[in-house]
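Student: Dropping a structure here in structure tokens format, bear with me for questions.
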Amino acid sequence: MTRFLTTKNTRKHLWQVAALMTIVALLAACAMPAMPGTAPAAEAPAAATEPVAAEAPASSGAASALDPNERDGMYTSAPDMTIDPSKFYYATIATELGDIKVQLYADRAPMTVNNFVFLAREGFYDNTTFHRVLQDFMAQAGDPTGTGMGGPGYNFADEFWPGATFDRRGLLAMANAGPGTNGSQFFITFAPTPWLDGGHTIFGEVIEGDDVLSQITLRDPQGGATEPGDLIKSITIEESDSSTLPTPTALPPTPTPFPPTSLVGERPLAELSGAEKANYFNAPPEMVIDTAKSYTATISTSQGDMVATLYDDDAPVAVNNFVVLANLGFFDNTPVNDVNPEQLVVIGAPDNDPGRDVGYTFNPEVGLPETPDVGSITYRSLQQDPAGGVIASGSQLFLALVAPPPDVVDAYSFFGKIVDGVEVLSTLTVSDTIESITIIEE
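Here it is, written out as structure tokens:
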């Protein structure tokens, strides 16, 4: 189910019938890697000679002084970058069964590794458990409450890199509840899990303790598990100048920016399939709208038309992005992605994959003066931007079925509102289609 994110510790507060959910601080807390079936076990990679490394205290931070349950939601934002991605980082997960040592992919997933290193050094993981352990699948941990609903109190974005595939046992990855909802929960695979490719950030690999991994007690919370999971005593971080794993192939160079404003012509994307539109661009558009003019959008659906006013004076970046994509035909013949009854409608994932959109994120304006209401339109916020504001999907949109609470304006860019045909909005289902979005400039 799609939910708004939060900038504060309001996790577990759900939308009520008369209002949108207050932005959820930790959707990743209820993250569960999906398992379509079992897969054969594979051997973990053999450990090479251990590098010389300097050990850092595992429990030197504020979290170590608290009981695990008291750590839930204790932070309000993701940590600043403190690791050196050119170095090699190792984590020793000390369990009641023995130690599991992983090498972290600091060069591939620096933000994720930095988060894990921060939480480990804070003592956030001390005396927590493997709360979800499924045979031939994975062992999940990182929730201080042990329920699958806990986390640090913030979210951060995914990091996917070429070659990041769940093709073997012993991979360390982030649990999440959808794009941009990483927090503290992680899992280690017992076998290849290719159905997770592109959905979870892989940020490390077991190099020692595969025998311990095999001993972790199976535990399925959905199967009525009552006993606590196996204990993680601590996670100790080491930094080194040498790698145990083979040096990976160099990442490809940063691609040349390809924004939507690179295209010309009359709705050149209109006839493309959803799969062809997904991740079509890699950078947001240049500013092309004229804020001295006014803009409206006609959203034609299989249930009827809706007309929206766009707030280009207050949100020129947000409106410009929407106008450019609409004029290219990006939204034409795309599905309604999700409907949360009496909450919101989600559109803008062209191939109906919530992990894919137009291909880039951007920083739309937040804190707009208009009070959000029924029919308000906002981009899907993925995470807070350390520089201020939010980082949002370039094309996924939330359309409000009820009035959002006023305080969400600081975390969402409500850049427009449906002013005519709003009754159509409540009739939409996931079987419906956005036939086109056309822009009028006056």
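For what it's worth, the numbering used here labels the leading residue of the sequence shown as -11, then goes sequentially. Ideal Cβ placement from N, Cα and C applies to all residues, glycine included.
What residue range does the beta strand (DSSP E) around Ser202 cover?
Tutor: First-last for Ser202: Asp198 to Gln203, but that is the alpha helix (DSSP H), not the beta strand (DSSP E).
Student: For Ala152, I'd like the list of residues in its chain whose CB is within less than 6 Å of its CB, leaving aside the five on either flank, ordered along the chain.
Tutor: Closer than 6 Å at the Cβ level, and outside the excluded window around Ala152, lie Ile190.
Student: For a test of the three-state rule: what should DSSP assign to Arg207, helix, strand or coil?
Tutor: Here Arg207 sits in strand by DSSP.
Student: Considering Cα atoms alone, identify which of Gly347, Ala271 and Thr117 is closest to Glu84.
Tutor: Comparing Cα-Cα distances from Glu84 to each of Gly347, Ala271 and Thr117, the minimum goes to Thr117.
Student: Tell me Ala161's beta-bridge partners as DSSP assigns them.
Tutor: Looking at the DSSP assignment, Ala161 forms a beta bridge with Phe175 and Ile190.
Student: Buried or exposed: Pro234, going by 16 or more other Cβ atoms within 10 Å of its Cβ?
Tutor: Exposed.
Student: State the beta-bridge partners of Ala323 as determined by DSSP.
Tutor: Note on identity: in this sequence residue 323 is Pro, with Ala being the wrong assignment. Answer is Thr421.
Student: Expressed to the nearest angstrom, what Euclidean distance is found between the alpha-carbon atoms of Leu251 and Gln210?
Tutor: The straight-line gap from Cα to Cα measures roughly 49 Å.
Student: Pick from Val346, Val412, Val295 and Val418: whose alpha carbon is nearest that of Leu433?
Tutor: The first residue shown for the chain is -11 and the last is 430, placing residue 433 beyond what the model contains.
Student: Unbroken alpha helix (DSSP H) runs of length 4 or more, entirely within the segment 329 to 399: which are they?
Tutor: Whole alpha helix (DSSP H) segments, 4+ residues: zero.
Student: Kindly list the residues whose CB is nearer than 7 Å to the CB of Ser65, restricted to its own chain and excluding five residues on each side of it in sequence; keep chain order.
Tutor: So the qualifying residues of the chain are Tyr142 and Gln372.
Student: Buried or exposed, going by whether 16 or more other CB atoms sit within 10 Å of the CB of Asn57?
Tutor: It is exposed - the Cβ of Asn57 has fewer than 16 other Cβ atoms within 10 Å.
Student: When the Cβ atoms of the segment 260 to 279 are set against those of the segment 290 to 305, are three or more pairs found closer than 8 Å?
Tutor: Counting Cβ pairs under 8 Å, three or more are found: they touch.
Student: Three or more C-beta pairs closer than 8 Å, one from the segment 209 to 227 and one from the segment 72 to 90: is that the case here?
Tutor: Yes: the two stretches touch, three or more of their Cβ pairs being nearer than 8 Å.
Student: What first and last residue would you give for the beta strand (DSSP E) that runs through Glu226?
Tutor: Its beta strand (DSSP E) spans residues Leu219 to Ser228.
Student: Whole angstroms are fine: how far does the CA of Pro393 sit from the CA of Glu314?
Tutor: At residue 314 the sequence reads Ala, which differs from the Glu that was named. C-alpha separation (whole angstroms): 28 Å.
Student: Looking at the unbroken beta strand (DSSP E) that takes in Thr297, where does it start and where does it end?
Tutor: Start and end: Gly292 to Leu298.
Student: Could you check if Ala94 is buried or exposed, using at least 16 other CB atoms within 10 Å of its CB as the buried criterion?
Tutor: By the 10 Å Cβ count, Ala94 comes out buried.
Student: Are the CB atoms of Met126 and Thr169 nearer to each other than 9 Å?
Tutor: Not in contact: Met126 and Thr169 (Cβ atoms no closer than 9 Å).
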